[in-house]
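Asker: Input: one structure, supplied below.
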Amino acid sequence: MADRQMLAQNLTWHGSSVTPEMRAILSAQRPLTLWFTGLSAAGKSTLAFNLESLLVAKRIHCCVLDGDNVRHGLCRDLGFDSQGRTENIRRVAEVARLMNDAGLVVMAAFISPYRRDRELARSIIGVERFQEVHVSAPLHVCESRDPKGLYRKARRGELSGFTGVDAPYEVPDCPHVYLDTSRTSLSDCLERLSGLVTVRPHHDAQG
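Numbering (my numbering), first residue to last: 626 to 832.
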(Lines of atoms letter the chains of each structure in order from A and count residues from 1; the text may use other names and numbers.)
(Lines give C-alpha, C1' and ligand atoms only; values in the text may rest on other atoms or scores of the structure.)
Protein backbone atom coordinates (compact mmCIF):
# COMPACT_ATOMS: atom_id res chain seq x y z
CA MET A 1 0.00 0.00 0.00
CA ALA A 2 2.81 2.40 0.89
CA ASP A 3 4.50 1.71 -2.44
CA ARG A 4 1.27 2.48 -4.31
CA GLN A 5 0.82 5.74 -2.43
CA MET A 6 4.40 6.78 -3.16
CA LEU A 7 3.92 5.93 -6.85
CA ALA A 8 0.70 7.94 -7.01
CA GLN A 9 2.41 10.96 -5.49
CA ASN A 10 4.95 10.93 -8.32
CA LEU A 11 2.45 10.70 -11.18
CA THR A 12 1.25 13.67 -13.20
CA TRP A 13 -1.72 13.72 -15.55
CA HIS A 14 -0.70 15.04 -18.98
CA GLY A 15 -3.60 16.66 -20.77
CA SER A 16 -4.02 16.89 -24.54
CA SER A 17 -4.98 19.94 -26.56
CA VAL A 18 -7.08 17.59 -28.69
CA THR A 19 -10.33 17.10 -26.77
CA PRO A 20 -12.72 14.16 -26.99
CA GLU A 21 -15.24 16.55 -28.54
CA MET A 22 -12.80 17.40 -31.32
CA ARG A 23 -12.21 13.72 -32.00
CA ALA A 24 -15.95 13.04 -32.09
CA ILE A 25 -16.42 15.79 -34.66
CA LEU A 26 -13.53 14.46 -36.72
CA SER A 27 -15.01 10.95 -36.80
CA ALA A 28 -18.53 12.30 -37.45
CA GLN A 29 -20.06 10.03 -34.81
CA ARG A 30 -21.06 10.15 -31.17
CA PRO A 31 -18.82 7.98 -28.98
CA LEU A 32 -20.64 5.68 -26.61
CA THR A 33 -20.34 2.34 -24.87
CA LEU A 34 -23.06 -0.25 -25.21
CA TRP A 35 -22.64 -2.46 -22.15
CA PHE A 36 -24.11 -5.91 -22.83
CA THR A 37 -24.90 -7.76 -19.61
CA GLY A 38 -26.63 -11.09 -19.10
CA LEU A 39 -26.21 -14.77 -18.38
CA SER A 40 -23.65 -16.89 -20.19
CA ALA A 41 -25.11 -17.96 -23.58
CA ALA A 42 -27.80 -15.27 -23.47
CA GLY A 43 -26.34 -13.86 -26.70
CA LYS A 44 -24.14 -10.94 -25.61
CA SER A 45 -21.11 -11.70 -27.78
CA THR A 46 -23.25 -12.73 -30.74
CA LEU A 47 -25.02 -9.38 -30.66
CA ALA A 48 -21.85 -7.37 -30.04
CA PHE A 49 -19.85 -8.89 -32.90
CA ASN A 50 -22.75 -8.82 -35.34
CA LEU A 51 -23.40 -5.21 -34.45
CA GLU A 52 -19.72 -4.45 -35.00
CA SER A 53 -19.91 -5.89 -38.53
CA LEU A 54 -23.08 -3.91 -39.23
CA LEU A 55 -21.57 -0.64 -38.00
CA VAL A 56 -18.28 -1.12 -39.85
CA ALA A 57 -20.27 -1.65 -43.05
CA LYS A 58 -21.76 1.78 -42.36
CA ARG A 59 -18.22 3.20 -41.92
CA ILE A 60 -18.69 3.69 -38.17
CA HIS A 61 -15.50 3.33 -36.13
CA CYS A 62 -16.13 0.79 -33.39
CA CYS A 63 -14.65 -2.06 -31.37
CA VAL A 64 -15.83 -5.02 -29.28
CA LEU A 65 -14.49 -5.75 -25.81
CA ASP A 66 -15.46 -9.34 -25.11
CA GLY A 67 -15.42 -11.06 -21.73
CA ASP A 68 -13.50 -14.13 -22.85
CA ASN A 69 -11.10 -12.21 -25.08
CA VAL A 70 -9.87 -9.78 -22.43
CA ARG A 71 -9.09 -12.67 -20.09
CA HIS A 72 -6.56 -13.89 -22.65
CA GLY A 73 -4.52 -10.73 -22.12
CA LEU A 74 -5.56 -7.64 -20.18
CA CYS A 75 -7.25 -9.59 -17.39
CA ARG A 76 -5.56 -12.97 -17.58
CA ASP A 77 -4.23 -12.59 -14.04
CA LEU A 78 -7.72 -12.30 -12.52
CA GLY A 79 -9.92 -14.98 -11.04
CA PHE A 80 -13.70 -15.30 -11.04
CA ASP A 81 -14.32 -14.51 -7.39
CA SER A 82 -16.13 -11.32 -6.45
CA GLN A 83 -12.93 -9.24 -6.23
CA GLY A 84 -11.61 -10.62 -9.51
CA ARG A 85 -14.86 -9.85 -11.29
CA THR A 86 -14.91 -6.29 -9.96
CA GLU A 87 -11.34 -5.63 -11.06
CA ASN A 88 -12.10 -7.18 -14.45
CA ILE A 89 -14.99 -4.75 -14.97
CA ARG A 90 -12.94 -1.80 -13.69
CA ARG A 91 -10.15 -2.46 -16.18
CA VAL A 92 -12.52 -2.93 -19.08
CA ALA A 93 -14.41 0.24 -18.22
CA GLU A 94 -11.17 2.22 -18.17
CA VAL A 95 -10.29 0.86 -21.62
CA ALA A 96 -13.79 1.64 -22.93
CA ARG A 97 -13.48 5.20 -21.62
CA LEU A 98 -10.18 5.67 -23.44
CA MET A 99 -11.69 4.27 -26.63
CA ASN A 100 -14.65 6.63 -26.28
CA ASP A 101 -12.25 9.53 -25.77
CA ALA A 102 -10.63 8.51 -29.07
CA GLY A 103 -14.03 8.76 -30.76
CA LEU A 104 -14.95 5.07 -30.98
CA VAL A 105 -18.22 3.29 -30.36
CA VAL A 106 -17.56 0.39 -27.97
CA MET A 107 -19.55 -2.80 -27.49
CA ALA A 108 -18.61 -4.36 -24.14
CA ALA A 109 -19.96 -7.90 -23.70
CA PHE A 110 -19.62 -9.10 -20.10
CA ILE A 111 -21.80 -11.15 -17.79
CA SER A 112 -21.09 -8.46 -15.16
CA PRO A 113 -23.56 -10.07 -12.74
CA TYR A 114 -23.39 -7.47 -9.97
CA ARG A 115 -25.18 -4.13 -10.11
CA ARG A 116 -22.39 -2.45 -8.16
CA ASP A 117 -19.86 -3.43 -10.83
CA ARG A 118 -22.06 -2.13 -13.64
CA GLU A 119 -22.51 1.11 -11.72
CA LEU A 120 -18.73 1.29 -11.36
CA ALA A 121 -18.41 0.92 -15.13
CA ARG A 122 -21.03 3.62 -15.65
CA SER A 123 -19.18 6.02 -13.33
CA ILE A 124 -15.85 5.43 -15.11
CA ILE A 125 -17.19 5.67 -18.65
CA GLY A 126 -19.60 8.50 -17.91
CA VAL A 127 -23.38 8.55 -17.66
CA GLU A 128 -23.74 10.36 -20.99
CA ARG A 129 -21.81 7.61 -22.84
CA PHE A 130 -22.85 4.47 -20.98
CA GLN A 131 -25.90 2.57 -22.21
CA GLU A 132 -26.78 -0.66 -20.45
CA VAL A 133 -28.17 -3.43 -22.66
CA HIS A 134 -29.73 -6.33 -20.78
CA VAL A 135 -29.44 -9.39 -23.00
CA SER A 136 -31.91 -11.82 -21.49
CA ALA A 137 -32.98 -15.40 -22.04
CA PRO A 138 -34.51 -17.90 -19.61
CA LEU A 139 -31.94 -20.00 -17.80
CA HIS A 140 -33.16 -23.22 -19.44
CA VAL A 141 -32.67 -21.64 -22.87
CA CYS A 142 -29.13 -20.56 -21.99
CA GLU A 143 -28.41 -24.06 -20.72
CA SER A 144 -29.78 -25.62 -23.90
CA ARG A 145 -27.46 -23.42 -25.98
CA ASP A 146 -24.39 -23.84 -23.74
CA PRO A 147 -21.85 -23.39 -26.59
CA LYS A 148 -18.85 -23.75 -24.25
CA GLY A 149 -20.27 -26.57 -22.13
CA LEU A 150 -19.92 -24.43 -19.01
CA TYR A 151 -23.40 -25.06 -17.62
CA ARG A 152 -22.83 -28.81 -17.87
CA LYS A 153 -19.54 -28.47 -16.01
CA ALA A 154 -21.18 -26.30 -13.35
CA ARG A 155 -24.04 -28.77 -12.89
CA ARG A 156 -21.49 -31.57 -12.46
CA GLY A 157 -19.64 -29.54 -9.84
CA GLU A 158 -16.57 -29.03 -12.02
CA LEU A 159 -17.03 -25.25 -11.94
CA SER A 160 -17.87 -23.27 -8.82
CA GLY A 161 -19.26 -19.77 -8.59
CA PHE A 162 -20.89 -20.02 -12.02
CA THR A 163 -23.46 -17.30 -12.63
CA GLY A 164 -26.98 -18.64 -12.81
CA VAL A 165 -26.12 -21.98 -11.20
CA ASP A 166 -24.42 -21.41 -7.84
CA ALA A 167 -23.75 -17.67 -8.12
CA PRO A 168 -26.32 -14.88 -8.50
CA TYR A 169 -27.13 -12.66 -11.44
CA GLU A 170 -28.54 -9.28 -10.40
CA VAL A 171 -30.98 -8.17 -13.08
CA PRO A 172 -30.59 -4.52 -14.17
CA ASP A 173 -33.17 -2.25 -12.57
CA CYS A 174 -33.66 0.03 -15.56
CA PRO A 175 -31.56 -0.91 -18.59
CA HIS A 176 -31.45 1.39 -21.59
CA VAL A 177 -32.42 -1.57 -23.76
CA TYR A 178 -33.92 -4.95 -22.88
CA LEU A 179 -33.57 -7.76 -25.41
CA ASP A 180 -34.99 -11.24 -24.89
CA THR A 181 -33.05 -13.31 -27.41
CA SER A 182 -35.37 -16.27 -26.94
CA ARG A 183 -38.21 -14.19 -28.38
CA THR A 184 -36.55 -11.56 -30.55
CA SER A 185 -34.73 -12.38 -33.77
CA LEU A 186 -31.09 -11.43 -34.31
CA SER A 187 -32.03 -8.99 -37.07
CA ASP A 188 -34.63 -7.26 -34.89
CA CYS A 189 -32.14 -7.00 -32.02
CA LEU A 190 -29.53 -5.47 -34.33
CA GLU A 191 -32.04 -2.99 -35.70
CA ARG A 192 -32.81 -1.75 -32.19
CA LEU A 193 -29.14 -1.56 -31.24
CA SER A 194 -27.98 0.20 -34.39
CA GLY A 195 -30.57 2.87 -33.73
CA LEU A 196 -28.64 3.85 -30.60
CA VAL A 197 -25.58 4.85 -32.61
CA THR A 198 -25.66 8.48 -33.71
CA VAL A 199 -23.81 9.55 -36.83
CA ARG A 200 -23.23 13.23 -37.54
CA PRO A 201 -23.56 14.61 -41.09
CA HIS A 202 -20.12 15.01 -42.60
CA HIS A 203 -20.51 18.77 -43.04
CA ASP A 204 -20.56 18.99 -39.21
CA ALA A 205 -17.21 17.25 -39.11
CA GLN A 206 -15.78 19.95 -41.36
CA GLY A 207 -16.86 22.70 -39.08
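For each residue, glycine too, the CB sits at the ideal point set by N, CA and C.
Everything numeric in this text was worked out from a predicted model, so none of it was measured.
1) To the nearest angstrom, how far is it from the Cα of R722 to the Cα of G751?
2) For G640, is the classification buried or exposed, using 16 other Cβ atoms within 10 angstroms of its Cβ as the cut-off for buried?
3) So, is C799 buried or exposed, given that buried needs 16 or more other C-beta atoms within 10 angstroms?
4) Starting from A718, trace the beta strand (DSSP E) both ways and give me its first and last residue.
5) How long is the line joining the alpha carbons of M698 and G774, rounded to whole angstroms?
6) How about A733 and V689: do their beta carbons lie closer than 9 Å?
7) Tell me the DSSP bridge mates of E757?
8) Roughly how many whole angstroms lie between the Cα atoms of R710 and D691?
9) Starting from C688, follow its DSSP beta bridges and name the residues at the other end.
Answerer: Taking the structure as given:
1) Cα-Cα distance, rounded: 8 Å.
2) In summary, G640 is exposed, with fewer than 16 beta-carbon neighbours lying within 10 Å of its beta-carbon over all protein chains present.
3) exposed
4) Looking at the DSSP string, A718 is not in any beta strand (DSSP E); the run it does join, the alpha helix (DSSP H), is 707 to 726.
5) First, the residue type needs correcting, since residue 698 is Gly and not Met in the sequence shown. Going by the C-alpha atoms only, they are around 22 Å apart.
6) yes
7) W660
8) 14 Å
9) V731
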